[in-house]
Amino acid sequence: MNRLMITLVASLFAMSVGGVAIAADAAKMDSKSMMAKAEGDYKAAKAKAHGDAEAAEAQCKKLEGDAKKTCKKDAAAKEKAAKAEAKAAYDKAKADAKAMKKS
């Protein structure tokens, strides 16, 4: 397994743990506060993914040639995976809130 794949799997696992935390907290809230928390968590996760990508790209500047290109691609892939996982957790929380509202 190449380094990019390992990094993506690790990123997805880390973000999925965050999604579990959102779902666990959901049982303690009403639908309105659940949506507010989910939205805040989503914005924070996107900002963290962006900040992590910027930090990784700053490290890439020290490299040259193919290593630099690979580093930048890895940073972009990590950011994309983190944002996708954050979006999935947010969408699940929205669906949970909608279901809670109906019941």
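Numbering (numbering that gives the first Met the number 0), first residue to last: 0 to 102. The beta-carbon is built from N, C-alpha and C at its ideal position, and this holds for glycine as well. Please read all numbers here as calculations on a predicted model, not as lab measurements.
Measure the alpha-carbon distance for residue i versus residue j and round it to whole angstroms.
i, j, result
"A76", "A98", "33 Å"
"Q58", "H49", "14 Å"
"K82", "A35", "18 Å"
"S32", "A87", "19 Å"
"G39", "K47", "12 Å"
"A66", "A44", "28 Å"
"D51", "K68", "17 Å"
"K42", "K91", "15 Å"
Excluding the 5 residues flanking residue i on each side, which residues of the same chain have their C-beta closer than 6 Å to its C-beta?
i, result
"V70", "Reading off the sequence, residue 70 comes out as Cys, not Val. Cβ neighbours of C70 beyond the five flanking positions: C59 and L62."
Here's a check: name, in chain order, each residue in its chain whose Cβ is nearer than 8 Å to the Cβ of residue i, leaving out the five neighbours to either side.
i, result
"K93", "M34 and A37"
Since residue i is in the alpha helix (DSSP H), which residue starts that stretch and which ends it?
i, result
"K79", "G64 to K101"
"D51", "S30 to C59"
On a Cα-Cα basis, can you pick out the residue from the options that is closest to residue i?
i, options, result
"E53", "K42, K79 and D29", "K79"
Going along the chain, which residues of its own chain have a beta-carbon closer than 7 Å to the beta-carbon of residue i, five neighbours each way excluded?
i, result
"E56", "K71 and A74"
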